[in-house]
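There are 2 protein chains.
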Amino acid sequence: MGRMSDMTSAADAPRPPGRPRSVRADEAIVEAVLDLLAEGSTIEALSIEAIAARAGVGKATIYRRWSGKDALMLDALRRLKGVLPQPTGHSVREDLVLLVGAIGHNVDPRAAKIMPCLVPEVNRSPDHFRVYQNIIEPRRQLMREVLRWGVRSGELRADLDIEVVMALLTGPMLIQRMLRWNPELDDDSLPGRIVDGVLDGIRAR
Amino acid sequence: MGRMSDMTSAADAPRPPGRPRSVRADEAIVEAVLDLLAEGSTIEALSIEAIAARAGVGKATIYRRWSGKDALMLDALRRLKGVLPQPTGHSVREDLVLLVGAIGHNVDPRAAKIMPCLVPEVNRSPDHFRVYQNIIEPRRQLMREVLRWGVRSGELRADLDIEVVMALLTGPMLIQRMLRWNPELDDDSLPGRIVDGVLDGIRAR
DNA sequence: CTGATACGGGTCGGTTCCGTATCGAAAAGG
DNA sequence: CCTTTTCGATACGGAACCGACCCGTATCAG
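From first to last, the protein sequence lines are chains A and B.
Everything in the first sequence is counted per numbering that gives the first Met the number 0, starting at 0 for the first residue and increasing by one.
Everything in the second sequence is counted per numbering that gives the first Met the number 0, starting at 0 for the first residue and increasing by one.
Now the structure itself:
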């Protein structure tokens, strides 16, 4: 009954005839998209021809895989997810500084350059909005857990408005990284100052 | 010595010959730009031809006034500044809620739609960056004064990191308005919750 | 080997936009 | 009336891009 040659049970493997598609082409195309975006091109300014030229690929090779620019963009952006930072569990402050500092600091340095380009698209296209939410949701979940852990451990107030606190921590870092909101602020020390500000509050006591 | 006909001393008025330029055309063009942007067009997707059509104006009328799209955009965006909110001076919390709630809430409802489109430009063009900074600087100054006033009145801690506190107040509101960062959050109650969160801090005590 | 499909590259018609030029009409002053 | 300048409108050459199609070659299964 057991078939020795059954190595993968991945759905069905009907072995389509003809030359198989090049995995290198797939990667080269996606990489070209991300590179060009990171170099400053806007999404809508990106032409299929420029992508093909950069990837060293014929236009037809792109159209064989994606129906058009939109589908390609969504696919490319999905592969941009960075690695999640790993909270140490030592102290809540330390973990929050880590998470806040990681905002816009993915392993892929192109991500930081690309993010601003997405803002208009997120407002225009529900598809892009969904992609964006999928990218940030794991990070949001991570921060949510750190906050809940802090509440349980007694480091944080018990009556936290957790969703708002996440916005308090994320928003300042994001506007600074995305549009240099205040050119005077020093980006390196900012995560710590944000976390301390939110921890302590500003009301006199 | 006094000339009765000297009504304006605006530089020199050499009274140029020929048909004077239509003020209505100037306004119509700028309005068309803002309208089209507010309807979802990106800056670079905006064509002079579309602007002219929308304004009911010939293309030449635009090129007679501006050297190209960039100059027109900068000019149009400059006229977008909204009215500054007026702090009441009743309490620091009240004023901060007012200022935070006003973020992205200009008199011109188009401003809120247009802001996200500027994010990529601000990162690309120093000119746009300057225009953006000029628009927000007065608001930042207003918040700075409210905070300083709170410190003097004793409502706020004396050792405030004022620039960071401004980011704490502005960032969360901005990312929510610009890219619906957390779709669950209720935008109406958000300003109050942000201000309260920053006022009280999150550390247990 | 054959048949099928992939590849990089190129061509082609069609669309859109730019920036300039030109038109007749309109609006000013001389 | 004449000149000058602007008006809205339209036409132009040039450029960029889309998407379809095709070329000659490469790579697989049988």
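We put the beta carbon where it would ideally sit given N, CA and C, even for glycine.
- request: Report the neighbours of A/D160 on chain B: residues whose CB is nearer than 7 Å to its CB, in chain order.
  value: For the purposes of this step, residue 160 of chain A is identified with residue 161 of the first sequence, where counting begins at 1. Close to A/D160, with beta-carbon spacing below 7 Å, are these residues of chain B in chain order: R192, G196.
message: Can you confirm whether A/D199, when its beta carbon is compared against all beta carbons of chain B, has any partner nearer than 8 Å?
response: On the first sequence, position 200 is the one that residue 199 of chain A refers to. Interface residue, yes.
- request: Quick one: measure Cβ to Cβ for B/L83 and B/V194, integer angstroms, because I've assumed they're closer than 8 Å.
  value: If you number the second sequence from 1, residue 83 of chain B lands on position 84. If you number the second sequence from 1, residue 194 of chain B lands on position 195. Actually they do not touch by this definition, with Cβ atoms about 18 Å apart.
field: Residues within the region 118 to 132 of chain A neighbouring chain B, beta-carbon criterion of under 8 Å
entry: Those residues of the region 118 to 132 of chain A that come within reach of chain B (Cβ to Cβ, closer than 8 Å) are V118, P119, V121, N122, R123, F128, Y131, Q132.
query: Is the distance from the Cβ of B/R139 to the Cβ of B/M165 below 8 Å?
result: For the purposes of this step, residue 139 of chain B is taken as the residue at position 140 of the second sequence. For the purposes of this step, residue 165 of chain B is taken as the residue at position 166 of the second sequence. Result yes, Cβ atoms of B/R139 and B/M165 sit closer than 8 Å.
Nearest-angstrom Cα separation, counted from A/Y62 out to A/D25: Stepping through the first sequence from its first residue, residue 25 of chain A is reached at position 26. Stepping through the first sequence from its first residue, residue 62 of chain A is reached at position 63. Spanning the two alpha carbons is a distance of roughly 12 Å.
- prompt: Among the residues of its own chain, which have a CB less than 6 Å from the CB of A/T205, if the five just before and after it don't count?
  reply: Since the displayed chain A opens at 0 and closes at 204, residue 205 of chain A lies outside it and no answer follows.
query: Can you tell me whether DSSP reads A/R20 as helix, strand or coil?
result: As a position in the first sequence, residue 20 of chain A is number 21, starting the count at 1. DSSP places A/R20 in the coil class of the three-state scheme, outside both helix and strand.
query: When the distance is taken between beta carbons, is A/A75 closer than 8 Å to A/V106?
result: To locate residue 106 of chain A, count along the first sequence from 1; it is residue 107. To locate residue 75 of chain A, count along the first sequence from 1; it is residue 76. Contact: no.
message: Let me confirm a value: B/V121 is counted as buried when at least 16 other C-beta atoms fall within 10 Å, else exposed. Which label applies?
response: Reading the second sequence from its first residue, position 122 is the one you call residue 121 of chain B. It counts as buried.
message: One question on the structure: do A/A110 and A/L79 come within less than 8 Å of each other, judged by their Cβ atoms?
response: What you label residue 110 of chain A is simply residue 111 of the first sequence in a count that begins at 1. What you label residue 79 of chain A is simply residue 80 of the first sequence in a count that begins at 1. Result yes, Cβ atoms of A/A110 and A/L79 sit closer than 8 Å.
message: I'd like to know whether the C-beta of A/M6 is nearer than 8 Å to at least one C-beta of chain B.
response: Here the question's residue 6 of chain A lines up with position 7 in the first sequence. A caution first: A/M6 carries a pLDDT of 40, below 50, which makes its placement in the model too unreliable to give a value.
message: Short of 9 Å Cβ to Cβ, which residues in the region 17 to 40 of chain B face chain A?
response: G39
task: Inspect the beta-carbon positions of A/L33 and A/I113 and report whether they are closer than 8 Å.
output: Mapped onto the first sequence, residue 33 of chain A falls at position 34. Mapped onto the first sequence, residue 113 of chain A falls at position 114. Cβ atoms of A/L33 and A/I113: closer than 8 Å.
- request: With DSSP as the reference, label A/R192 as helix, strand or coil.
  value: Within the first sequence, the letter at position 193 stands for residue 192 of chain A. Here A/R192 sits in helix by DSSP.
message: Run through chain A and tell me which residues come within less than 9 Å of B/Q175, C-beta to C-beta.
response: In the second sequence, the residue the question calls residue 175 of chain B occupies position 176. Going along chain A in sequence order, the residues near B/Q175 (Cβ under 9 Å) are A166, G170.
- prompt: How many angstroms separate the CA atom of B/D185 from the CA atom of A/G17?
  reply: For the purposes of this step, residue 185 of chain B is taken as the residue at position 186 of the second sequence. For the purposes of this step, residue 17 of chain A is taken as the residue at position 18 of the first sequence. Straight-line measurement puts the Cα of A/G17 at about 55 Å from the Cα of B/D185.
- prompt: With a cut-off of 8 Å, does the C-beta of B/G1 fall near any C-beta of chain A?
  reply: One-based indexing of the second sequence puts residue 1 of chain B at position 2. Here the model assigns B/G1 a pLDDT of 37, short of 50, so the residue's position is not dependable, and the following value carries that caveat. False, the Cβ-Cβ gap to chain A never drops below 8 Å.
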